[in-house]
Structure formats: C-alpha cells, structure tokens
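Peer 1:
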DNA sequence: CTAGTAAATGAAAACGGTTTTATTATTTTT
DNA sequence: AAAAATAATAAAACCGTTTTCATTTACTAG
C-alpha cells in the first residue's frame, strides 16, 4: 500500500507537506502543490481514513440503529440518511437493536467510534439503551411516546388534509378508522380529522370514529361496524394503508363499490397502495425526507451549529388516486 | 477517553499485557488476568477499534453497495447481511452506487478500508465499477447477466414448483406471463415452467407464453391477450407479483372471478401480495437468506476457506394463498 | 543448588496519517 | 543592507492499539 510517506519521497517533500496539500491546512507554494498533486494522481493515492480517524478522533461515520431493517418505513429513511451523509462526505454504518439482554450498541458504535447516531425506527415504542455522549436523534415513522430529539411526520396536518379532501368532495358523513389511541400519531390524526370538520362547520359523529390495531383484519372488522348499519358513512379515512386494504376487502365481499358507493383514503402511501383495486388515495409518509432531515440534524450538531433538534415535523403529501370521488 | 495505557497503569501491568488479556493472544497468568479484567470492568473500558484497525489492517467492516436502498428486495437482503455479520462481530457499512460519472466507490470503501464488499442489487444489469482487490460478491434479486461471483435465487425450481402446483390442481391450460426474455431469471423460469409440463406429460401451448416488462400494466395487457379469446387458460403464472396484480385488475374489470374462473400465481412474495384480493399465491424470493449467504461467503473468503463463491442458488418457497384453486 | 527450560511480562517499534513546533527561505521594512 | 516579518517546508510528536523481541520470573531436573 502506498502511504503519504511514499508520496512525499517521490515528490521530494516532507509528509507533512503532502498532508497540507491534501487538506489545505497550511499554505503551500503553487509549485510544490502542483508537484505533489501530480504524484498523488499518478500513484492513484488514497489516504487511509483509519489513520486519519485515529489522529483526529473523528471517523466521518454515522451509526444508524434500527428496529428492523426491512418494512415499509425504515428503508426509505435510511435512503435519505445515506444520501445526505454521502453529500457531506460521511458514511453510514448500520445496525439493528438486538433483543438479547446483554446487547450493547457500544460494541458496534462506540468501539467503531462513530461520530453520531440516528435511531431510525418504524414502530417501536422506545428503544431501551444507554444514551451516548455523542450527538443522536430519533426519526420515527410511527411512535407512541416522544422522548428527546426526534423527527416525525406532521400527522395532524396529514389527517387534516385527507379529511379536507373528502369534505371538498361533498362527503359529510366520514368514518375514521384510527390506529390505537395511545399512539402519538393516532392522537395527532384524530385532532387533524376533527379540525377539518370544525373548519368546514360539520358535526363529528363519535360513532363513526373507530379504533383499529394497524392490521388489515382490524380494518375489515371496523369497516363492518361502520357499514352494516342503515346509516352509513359515504367515505372512510383509515390510519394506514393496510387497514384501508381491509376495508377494501370488506367492500369487495359485500358488493360495496369503491369509490362509487364509498370513498376510501389511507395513510402512508406504501408501494402497494397503487396496486390495490381501485388504486388507493392516501397520504404519503415523508420517510425519505425525514431521513435526510435526521442526517442534517446530526451533522449540524456535530458542527456545533445547533444544540438540540428542533422538534421537527415533516409535512405529508396527499396522493389522490382512484379510491375517492365526489359524493352524489 | 480511557485507553489501554490507563488500564495498564491502574492494573500495574504493561499495555501489551492488557492487549493480550483482551484478545487472548498470549498466555497471561490467571492472577494478572483477573486483575486486568476487573480494572477493565470497573472502568467500563472499550478498546478503540480504529486504533486496532490501523495496526491490524483489518476493520471488521463489510461494505454493502446497492443500486437503491429501498424497494422490495434490497432491504431484506441487507437485513440478512447485517444479521450474519453481527453474529460474526463484523459491521455493515452501506453506500449506493452513484450515477455521477466520476463517482468512485473508493472514496467510501477503499479509504474506509472495508475488508470486503457485497454488491446487493435488485434489478441492475451490471454495476460499472473497478473491481476491488478485496473479497467481493454479488447478490442479485433479478439480474440479466451473470458475472463473477454471485448469489441468486433458484428461479428454475421456483417456476417449476409454481407450475407443478397448478398442474396438481388439475390445471392443464396454463398461461405464463414471463418477464423480458433477455433476463437470466426469465430464461430460468421459462425452463422451469416447461420442465414441469414435460414431467406431467402435458403439451406446452406457445401462444400462452407471453412476455411482460415486469410492470403492472404489462400484466394487464397480457392478461387481456390471454383471456379475451374463446379458448382460455384456466390458470396464469406471472413472473412477478406486480404483473399478477395487473392480471387481477383485468379480471376485476371483466367479471372474471379469481380463483373460481381463473387461478393466478405470482412470483416474489412481496409484502403486498397478501393484501391483494384475493390473497395471492406466489413464490417467495429468499432475499433474507440470500443476504445471509452473501455475508457468509465474504467472511469465508476472508478466512481463506474458499476462493470463489460457488455459484450459489437459493431455493424459493411456494406460498399458497387464495388465488389458486382446483380446476373444475 | 544450579543450570536449563518454559512461562509470564515488559519495552519499544510499528501502523499511516495529522498537527504542532522548529527551521529555513523569501519578502518587506527601516 | 540589516532587521523584522512572513511564507514555505521539514522534523518530530502523537493518536491507541498490536506485535515482536528481550527480559524477568517460575519451575524442573540433575
């Protein structure tokens, strides 16, 4: 392996001079600079980051801790994280939280000397860990409780927009199949749902607000409760796309046409939502953008620009497809 | 930060002795060993991997290069990679292949001195890069060409099993909507499809073999071609779940009941396949296992146990759901 | 008791960079 | 033209480990 000393020898200068050329840490005359750069180029020299890290006590690496790596939310978050870090010459080290009782993130991140940690989690309540003494932030898809610095979607506004979309289509009897109400996201969305009604001067029918458990089956069950009576809602807003697919299944089995008889709007914009029949209108969870923002926050903290993440909420985007139409 | 020297000083031994206790690289008397371990424990000492890496020229880190980080195939592959690496005390550094013309994986992986590289790709033909001088392997979901060491699914057997499943349900007129035939996966699957027919002593009707482009629309279009004539297949096997969803859409629009009038079987077992109506019978792409295997290969190469990956094919698993039934 | 051997430990160099300090060369000022 | 200031480069220390090699200690056998 060619080292900075080899380069120095060939160029006829001291290693420190090569370092200064490489990093611009001191004035180097134009002449020597050119010679050194030529030698570096010719030898295709790549400085060893490990050695640099050892001296600088900085690895230009951010650790990403996740609950599960797959699933609908974490991968695009990581995509955003990786993208932002790449743009800023950092790299991304990933690891999963382990269930084992003596698991310790230190083994990975502390010993590997990462400069900061992003906890990217889709569903987990709270990761149980000893807080590190380096910058860290959470980025949650769905969460129950909020602790410390975090990035989350703006669930309130997302639900508000979804409901408003239905109201603007002349739906005045709207069912809502929410997620469990002890989740932060569910509370926010309920408030968004209600705020839209208030703004439009509509009454809210408590009996049309149901609670599912995020699963498809619960969407099915709650759809049954909402739709089997004589007075039916003309539209249903569900807390996620999976529950919406359950509603769709109920409709399919019971001859309820979507969107002619019933408009449905989901939440998440999971990839499959455009493959459902009909294609699902939904609210996009801005996971990619949240990941980018989390990375941005960590780097800003590292540079000392900010102390704590402002409690960032990222706006969701309404995706209008074929499962909603004007109420007639 | 407490170093090995601090520990040595407190324990009253030389740094080298602490190192030997830590790594078991030399005999240390029971007495000193206990003292040193106690001091390490008390001070919650964590050796600095960076320094270790510098000396050993080994980072215990594997780089994972992907085309896209999200999508249906890469995340579970990475899940499998990370899991295996974790079990073997390695960590996982990720990066995306960049389109920019002067992008160089070296910036990330070479300078960070990873010990090996796994190229985890879902769809890409061939990643254009300068081959590294460290162990590497490809792991492909779908691929066109095969070069170098790779891990892929056993597409032949997957297609064989899927077709056999239909044949065993008394379907003798089976349509096949394959992916583009210049893809390795498509060729293999076509052969599996035909092999199953041969084994069952059935004729193959060339007009029932169609070529889609992996997209949902092409599934729809090919379904139309297959189903609008008078002599229809009683079952359709599609090259992926997305095209299967296109077939489903066609059926839904044209009053063809699934599975009563037509059985459908997909490929991939993407998460959404169990949310389709009816739940889709499909062939699982063993992405997680492929990731694990890729990681296992890299570590085996590092240990010098193997030179090149045997051209590994991982078996797929038939997932029987509600979109297939006995032909009557 | 002592020589010889094996086991345990310590000292120091090494890994490949950066960074501080020192030295030399070049300008500028008086 | 000498002194002072500034620019450019070199030398050496340092980051926290591992590893080689030398030395000390403990044990065994004659």
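Protein chains in written order, with the numbering used here: chain A, 1 to 328; chain B, 329 to 656.
We put the beta carbon where it would ideally sit given N, CA and C, even for glycine.
Could you check where the alpha helix (DSSP H) with residue 242 of chain A kicks off and where it finishes?
Peer 2: Residue 242 of chain A -> alpha helix (DSSP H) spans 241 to 253.
Peer 1: Residue 607 of chain B CB to nearest chain A CB: under 7 Å?
Peer 2: Not one chain A Cβ lies under 7 Å of residue 607 of chain B.
Peer 1: Can you list the residues of chain B that residue 82 of chain A reaches, using a CB-CB cut of under 8 Å?
Peer 2: Ordered by position in chain B, the residues that pass the 8 Å Cβ test against residue 82 of chain A are 397, 422, 423, 424.
Peer 1: How close, in whole Å, do the beta carbons of residue 236 of chain A and residue 247 of chain A come, if the pair is a contact with beta carbons under 8 Å?
Peer 2: 6 Å between Cβ atoms; contact.
Peer 1: Alpha helix (DSSP H) containing residue 53 of chain A: first to last residue?
Peer 2: Where residue 53 of chain A is concerned, the enclosing alpha helix (DSSP H) stretches over 49 to 56.
Peer 1: Taking residue 155 of chain A as the reference, give the member of A:24, A:107, A:191 with the closest Cα.
Peer 2: The shortest C-alpha separation from residue 155 of chain A is found at A:191.
Peer 1: Suppose the cutoff is 8 Å on Cβ atoms and the five residues either side in sequence are ignored; what does the same chain contact list for residue 40 of chain A look like?
Peer 2: The residues are 7, 18, 21, 22.
Peer 1: Under 7 Å between the Cβ atoms of residue 241 of chain A and residue 270 of chain A?
Peer 2: Their beta carbons are under 7 Å apart, which means residue 241 of chain A touches residue 270 of chain A by this criterion.
Peer 1: For the stretch 534 to 552 of chain B, which residues have a beta carbon sitting closer than 9 Å to at least one beta carbon of chain A?
Peer 2: Listed by position along the chain: 544.
Peer 1: Any beta carbon from chain B within less than 7 Å of residue 104 of chain A's own beta carbon?
Peer 2: Chain B contact via Cβ: absent.
Peer 1: Can you list the beta strand (DSSP E) stretches of 3 or more residues lying completely in the stretch 51 to 127 of chain A, in chain order?
Peer 2: Listed in chain order, the complete beta strand (DSSP E) runs (minimum 3 residues) inside the stretch 51 to 127 of chain A are 61 to 66, 91 to 96, 116 to 121.
Peer 1: Look at residue 272 of chain A and residue 283 of chain A and say whether their C-beta atoms are less than 7 Å apart.
Peer 2: In this structure, residue 283 of chain A does not lie closer than 7 Å to residue 272 of chain A by Cβ.
Peer 1: Got a sec? Which residues, its chain only, sit under 8 Å from residue 352 of chain B by beta carbon, not counting five neighbours each side?
Peer 2: Excluding sequence neighbours, residue 352 of chain B sits near nothing in its chain.
Peer 1: Whose C-beta lies closer than 7 Å to the C-beta of residue 196 of chain A among residues of the same chain, with five residues either side of it excluded?
Peer 2: For residue 196 of chain A, where only same-chain residues beyond five positions count, the Cβ hits under 7 Å are 160, 163, 164, 167.
Peer 1: Keeping to the same chain, check which residues put their C-beta closer than 6 Å to that of residue 141 of chain A; ignore five residues upstream and five downstream.
Peer 2: The residues are 73, 122.
Peer 1: Using a cut-off of 7 Å between C-beta atoms, extract the partners of residue 110 of chain A located in chain B.
Peer 2: 374, listed in chain order.
Peer 1: Sort B:372, B:532, B:443, B:375 by Cα distance to residue 628 of chain B and report the nearest one.
Peer 2: Considering only alpha carbons, the answer is B:443.
Peer 1: Just checking, does the stretch 401 to 419 of chain B make contact with the stretch 8 to 17 of chain A on the three C-beta pairs under 8 Å criterion?
Peer 2: Too few Cβ pairs lie closer than 8 Å, so no.
Peer 1: Are any of the Cβ atoms in chain A nearer than 7 Å to that of residue 462 of chain B?
Peer 2: Cβ-Cβ to chain A under 7 Å: no for residue 462 of chain B.
Peer 1: Which residues in the same chain have their Cβ closer than 8 Å to the Cβ of residue 108 of chain A, if we skip the five residues on either side of it in sequence?
Peer 2: The residues are 63, 93, 95.
Peer 1: Leaving out five residues before and five after residue 312 of chain A in sequence, what residues of the same chain have Cβ atoms less than 7 Å from its Cβ?
Peer 2: So the qualifying residues of the chain are 151, 293.
Peer 1: So, are the CB atoms of residue 120 of chain A and residue 59 of chain A less than 7 Å apart?
Peer 2: Not closer than 7 Å, so no.
Peer 1: For chain B, check one thing: does any of its Cβ atoms lie closer than 7 Å to the Cβ of residue 314 of chain A?
Peer 2: No - not a single Cβ of chain B is within 7 Å of the one on residue 314 of chain A.
Peer 1: Among B:650, B:500, B:528, which one has its Cα closest to the Cα of residue 536 of chain B?
Peer 2: When each option's Cα is compared against that of residue 536 of chain B, the closest is B:500.
Peer 1: Using a Cβ-Cβ cut-off of less than 7 Å, list which residues of the stretch 28 to 54 of chain A approach chain B; keep chain order.
Peer 2: Listed by position, the residues of the stretch 28 to 54 of chain A near chain B (Cβ gap below 7 Å) are 46, 47, 48, 49, 50, 51, 53, 54.
Peer 1: Taking the C-alpha atoms as reference points, what is the distance between residue 434 of chain B and residue 458 of chain B?
Peer 2: Residue 434 of chain B and residue 458 of chain B: Cα-Cα distance of roughly 9 Å.
Peer 1: In this structure, how does DSSP classify residue 44 of chain A when only helix, strand and coil are distinguished?
Peer 2: In this structure, residue 44 of chain A counts as coil in the three-state DSSP scheme.
Peer 1: Please list, in chain order, all residues of the same chain as residue 581 of chain B whose beta carbon is under 6 Å from its beta carbon, the five residues on each side excluded.
Peer 2: The answer is none, since no qualifying residue turns up.
Peer 1: Hey, how far is the Cα of residue 57 of chain A from the Cα of residue 90 of chain A?
Peer 2: C-alpha separation (whole angstroms): 14 Å.
Peer 1: How many Å lie between residue 31 of chain A and residue 46 of chain A at the Cα?
Peer 2: Their Cα atoms are separated by approximately 22 Å.
Peer 1: Beta carbons nearer than 9 Å to chain B: which residues of the stretch 261 to 275 of chain A have them?
Peer 2: Listed by position, the residues of the stretch 261 to 275 of chain A near chain B (Cβ gap below 9 Å) are 270, 271, 272, 273, 274, 275.
Peer 1: Taking just the CA atoms, how far does residue 238 of chain A sit from residue 134 of chain A?
Peer 2: Cα-Cα distance, rounded: 39 Å.
Peer 1: My understanding is that residue 669 of chain B touches residue 340 of chain B, with C-beta atoms under 8 Å, so please give their C-beta distance in whole angstroms.
Peer 2: Examination of residue 669 of chain B is not possible in this model, given that chain B is present from 329 through 656 alone.
Peer 1: Could you tell me whether the Cβ of residue 614 of chain B comes closer than 7 Å to any Cβ of chain A?
Peer 2: No - not a single Cβ of chain A is within 7 Å of the one on residue 614 of chain B.
Peer 1: At a cut-off of 6 Å, would you count residue 594 of chain B as near the ligand FAD, judging by its Cβ distance to the nearest heavy atom?
Peer 2: This structure does not include the ligand FAD; it has no bound ligands of any sort.
Peer 1: Report the neighbours of residue 59 of chain A on chain B: residues whose CB is nearer than 9 Å to its CB, in chain order.
Peer 2: Under the 9 Å cutoff, chain B gives 378, 440.
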